[in-house]
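Numbering (my numbering), first residue to last: -6 to 198.
For glycine and all other residues, C-beta sits at the position ideal for the given N, C-alpha and C.
It should be emphasised that the depicted structure is a prediction, and the values quoted were computed from it without experimental measurement.
Below: one structure, written as structure tokens.
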Ligand code: SF4
Ligand code: SF4
């Protein structure tokens, strides 16, 4: 599915001045210590990859044969952003392969910041969809197992908020302004409306 033109233009503008080369393949995935979010259209594709046996990590085996809803609850924290957009944040994997989520009450962001500020070890392992656990002491490159080359033009398994993130050079992230972030959330909600309702409909099937 082609990304809406307005989203493509936004991403193009967002990436102005950032590196045009594939610097991520040389990086240990520093940005993936704290994941971006997927939208419903992304998690549907991630689940398809899972069902086809294409989600493979070096240090963890995904639990087999989960139905869609259980797969989401196991591997994502879901919440509503800015009063409308349904967002799915990949969980973190601990050193002993336990999944670490954010409590599902109150503000997702506040809870996530609180947990990370009070448990610094959590920052060491990174998103469940890294090919192996992140370590700041290991500079060997890591990669996202959801990566797809068409991610800036089509809805893919790569969480769209991870597509939004760009770097000037390795680990030098172009930090978005608060306005830009709000515009991004509202734009996604406008282009992919009623996401919570559509998600609930899928769960009922
Ligand atoms: S976006 Fe930046 S921090 Fe993330 S993997 Fe690429 S170079 Fe590294
Ligand atoms: S989904 Fe991929 S790009 Fe996004 S945080 Fe996880 S590993 Fe990084």
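Review point. Over what stretch of residues does the beta strand (DSSP E) that includes residue 73 continue unbroken?
Key: Taking the chain shown and counting its residues from 1, one reaches residue 73 at position 80. Residues 69 to 74.
Check your understanding: What residues match up with residue 160 in a beta bridge as DSSP calls it?
Key -> Translated into the one-based positions of the chain shown, residue 160 becomes position 167. Per DSSP, 166.
Review point. In whole angstroms, what is the alpha-carbon distance linking residue 151 and residue 107?
Key: What you label residue 151 is simply residue 158 of the chain shown in a count that begins at 1. What you label residue 107 is simply residue 114 of the chain shown in a count that begins at 1. One C-alpha to the other measures close to 26 Å.
Check your understanding: When DSSP labels each residue in this structure, what does residue 23 get in the three-state scheme?
Key -> For this step, residue 23 is matched to residue 30 along the chain shown. The answer is helix: DSSP assigns residue 23 an H, G or I state.
Point to revise | Own chain partners of residue 8 with C-beta closer than 6 Å, once the 5 adjacent residues on each side are dropped | key: Along the chain shown, read from residue 1 onward, the residue named residue 8 stands at position 15. Here the set comprises 159.
Check your understanding: According to the neighbour-count rule (16 or more other Cβ atoms, all chains shown, within 10 Å of its Cβ), is residue 18 buried or exposed?
Key -> On the chain shown, residue 18 is found 25 positions in, with the first residue counted as 1. Exposed: under 16 other Cβ atoms inside 10 Å.
Check your understanding: Which residues share a DSSP beta bridge with residue 1?
Key -> Here residue 1 is taken as the residue at index 8 of the chain shown, counted from 1. According to DSSP, residue 1 bridges with nothing at all.
Check your understanding: Under a three-way DSSP split, which group does residue 59 fall into?
Key -> Position 66 of the chain shown, counting from 1, holds the residue named residue 59. It is coil, neither helix nor strand.
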